[in-house]
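Quick note, the sequences are listed as chains P and U, same order.
The opening residue of the first sequence carries number 0 in numbering that gives the first Met the number 0; numbering runs sequentially from there.
The opening residue of the second sequence carries number 0 in numbering that gives the first Met the number 0; numbering runs sequentially from there.
Accompanying notes for the structure given below.
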Amino acid sequence: MDETTYARTDDTAELSHIAQVIRADIVQMLATAASGHSAGPLGMAEQLTALYFNTMRHDPANPAWPERDLFFLSNGHTAPVLYSALARAGYFPVSELGTLRRLGSRLQGHPERDALPGVESTSGPLGSGLSQAAGYAHVLQNIDHVKNRFVYTTMGDGEIDEGNVWEAAMFAGKYRLGNLIALIDRNNIQIDGATEDVMPLTNLRAKWESFDWHVLDIDGNNVRAVIEAINLGKAVTWAPTMILANTVPGKGVPFMEYDHTWHGKPPSPSQAEQALNALKGGVVA
Amino acid sequence: MSGYPIDPNVLTNPALEPIRFGFGRGLLAAGEADERVVALCSDLTESTQMHHFKNRFPQRFVETGIAEQNMVTVAAGMAHAGKIPFTSSYAAFSPGRNWEQIKTTASMNRQPVVVVGSHAGINVGYDGATHQMLEDLAIMRVMPNMRVIAPGDSLEAERATCAIAADPAPSYLRLARDKTPIFSTADSPFEIGVAYVLSQGRDVSLISTGTMTYHALVAASLLDSRGISAEVVHVPTVKPLDEDVILASIRKTGRAVTIEEAQIIGGLGGAVCELTAREHPVKVQRLGMRDRYGETGGPAELLEKFRLTGKLIAEDVERGFQSA
């Protein structure tokens, strides 16, 4: 891993490059740790790139900056994509990514607020990020009347099996949290198989619209599409925005793509080498 | 006798008020004192006495509907945004249903979310076992970073609520539904983490929390007339436990009885046994719910049935002496 960090940019080619760098980081972190989740983090690279390198207001030199936008990673098992984005944005040294899941590391198996600067909330047990994001957004919009700050969260699609998510969906709809933008990583897999076999999610657009959300359905592996959706969500102030980010699990690593068995396991050293070669081969549009 | 002022009528004609009423007054006062204080409730606003706060500060009140998991996680987000959120429901549901969310989003994040569990204990009465929260002291005490506070009467609940708001940290505040006797006074102290000796004794330490402290005082008086000198140690903060005050009493008397309107496993009884086993092994008699659920009935009937009145506590303590 080289130590290159990246500033915010609106250049699509640069953003696509950052997403590929994040993917390579993820593969190396997981192979070094010999433990962790592969498919979800790889598929989410464009979402984290869009947030940390384009749309979100934040300051890596001052993680507690009071004027910052907030990001809650609700699907905490995708920690490697968050850790890589934070390191590449400059929150901590890139070399520290190699300590993932090691005893004494700040990069805990699932992210912990106490452990690492830039992590807004501890997560791992699924279904509670949306509620926390909604609580923060409610304070900004309806109690403190702050108009120019936004609150983001990402969830896995399997994660929304959790009842807590739908409690939060009702809450955000009721309080019309126009400053809340959520993304579901719609990659159609979870540990036990395809989401539609485990517990069918079927028409997510209709579900979220019925909870009074503004819903966008996009190609979640197209970084420009993610940015445009987020910007549209920021402009829609009458309702919370749900971005259904349709992604390919394991994106960029052909032997992992679309395969649910890669949800919860890391590549071996030789598989990692193969994966890194594949990632070098192509920049995702 | 003791430095702790006790209502002089406590043994003859005590005033009665639900502990939760003191919380309602305390929350209003805390809200007046600090605009960071906000309140959330899951469709039980008047039951938990949050309506006073809601009426005074409608913009700072959040109605989550019947959704306890969402309530505490929204509160964690609000705390992250700089607020001091009090969340209320029946203890059977919060922390009964949302323990993991409290752990991960409030306690692990060290966000100052206050989980207010109202209607705890068997004094809930006719609603029956599903609504009689008896496991809360155990499940909340085991959580790192969490303070566990069970006021003994409504005046103390008012003081405790203000004290928590003034010192924000993850906290569990246990309240009761039924009218219970007031033993403290307007001048009685309350500090988080402090236990109070309410009456001195030589032969046995009656260590009680929450609603049971009044009954401990009654039991001590009855035991006195039978020649047993009982010391009453009131423990409104179950965690962090005031080990010094409790150990000093046990070292003096050589004998401990714990009394709680909760399961004897893991609650105050568990805490005192852990302490004595480590520091000063003595026989500990644990009074409370003995590893079973409650049932439907009037509050007084249930206290009788489960031997948690002053008279029955005195009998059991005396019997403990005979069997020793």
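All C-beta atoms in this analysis are idealised placements derived from N, C-alpha and C, irrespective of residue type, glycine included.
- Contact annotation: the region 130-147 of chain P does not touch the region 194-206 of chain P, with fewer than three C-beta pairs closer than 8 Å.
- In the three-state scheme derived from DSSP, where H, G and I count as helix and E and B as strand, leucine 216 (chain U) is classed as helix.
- According to the DSSP secondary-structure assignment, serine 207 (chain U) is paired through a beta bridge with U:His233, U:Ile258.
- Residues of the region 95-126 of chain P with a C-beta less than 8 Å from any C-beta of chain U: Glu111, Arg112, Asp113, Glu119, Ser120, Thr121, Ser122, Gly123, Pro124, Gly126, listed in chain order.
- The beta strand (DSSP E) runs of length 3 or more contained entirely in the region 187-258 of chain P are, from start to end of the chain, 213-218, 240-245.
- Under the Cβ criterion of 8 Å, methionine 154 (chain P) is not counted among the residues facing chain U.
- Only those residues of the region 80-103 of chain U whose C-beta falls short of 9 Å from the nearest C-beta of chain P are listed: Ala80, Gly81, Lys82, Pro84, Asn97, Glu99, Gln100, Lys102, Thr103.
- Going by DSSP, phenylalanine 70 (chain P) is part of the beta strand (DSSP E) stretching over 69-72.
- Contacts between glutamate 166 (chain P) and chain U, judged by CB atoms closer than 7 Å, involve Ala66, Gln68, Asn69 in chain order.
- Under the 8 Å Cβ criterion, the region 30-40 of chain P does not count as touching the region 57-73 of chain P, having fewer than three qualifying pairs.
- Taking a C-beta distance under 8 Å as the contact criterion, arginine 185 (chain P) and alanine 234 (chain P) do not qualify as a contact pair.
- The way I'd put it, the region 65-80 of chain U does touch the region 129-140 of chain P; three or more beta-carbon pairs between them come closer than 8 Å.
- Scanning its chain for C-beta atoms nearer than 6 Å, with the 5 sequence neighbours on each side dropped, one finds around alanine 261 (chain U) the residues Leu133, Leu136, Gly287, in chain order.
- With the criterion set as a beta carbon lying under 7 Å from some beta carbon of chain U, the region 58-84 of chain P has no members that meet it.
- By a beta-carbon distance limit of 8 Å, glutamate 294 (chain U) does not contact leucine 246 (chain U). Their separation comes to about 36 Å.
- Sequence-distant partners of alanine 313 (chain U) (beyond 5 residues in either direction) whose C-beta falls short of 7 Å from its own C-beta, in its chain, are Ala218, Leu221, Leu222.
- Looking at the backbone, the Cα of leucine 311 (chain U) and that of glutamate 99 (chain U) are separated by about 37 Å.
- DSSP places alanine 63 (chain P) outside any alpha helix (DSSP H), giving it a letter other than H or E.
- Among the residues of the region 126-140 of chain P, those with a Cβ less than 9 Å away from any Cβ of chain U are Gly126, Ser127, Gly128, Leu129, Ser130, Gln131, Ala132, Ala133, Gly134, Tyr135, Ala136, His137, Val138, Leu139, in the order of the chain.
- Membership of arginine 87 (chain P) in the alpha helix (DSSP H) is indicated by the continuous run 78-88.
- Residue ranges of uninterrupted alpha helix (DSSP H) with 4 or more members, entirely inside the region 13-68 of chain U and ordered along the chain, are 18-32, 50-55.
- The DSSP-derived three-state label of proline 268 (chain P) is helix.
- One thing to note: isoleucine 229 (chain P) has its Cβ within 8 Å of the Cβ of threonine 54 (chain P).
- With contacts defined as CB atoms closer than 8 Å, methionine 107 (chain U) and threonine 4 (chain P) fail to qualify as a contacting pair.
- Fewer than three beta-carbon pairs drawn from the region 81-95 of chain U and the region 267-278 of chain U are found closer than 8 Å, and the two stretches are therefore not classed as touching.
- Threonine 104 (chain U) is bridged by DSSP to nothing; it lacks a bridge partner.
- With a cutoff of 8 Å on beta-carbon distance, proline 124 (chain P) and threonine 160 (chain U) are scored as not near each other.
- In summary, the residues of the region 164-194 of chain P whose CB is separated from some CB of chain U by less than 7 Å are Glu166, Ala167, Met169, Phe170, in the order they occur in the chain.
- Annotation for arginine 277 (chain U): the continuous alpha helix (DSSP H) segment containing it runs 267-278.
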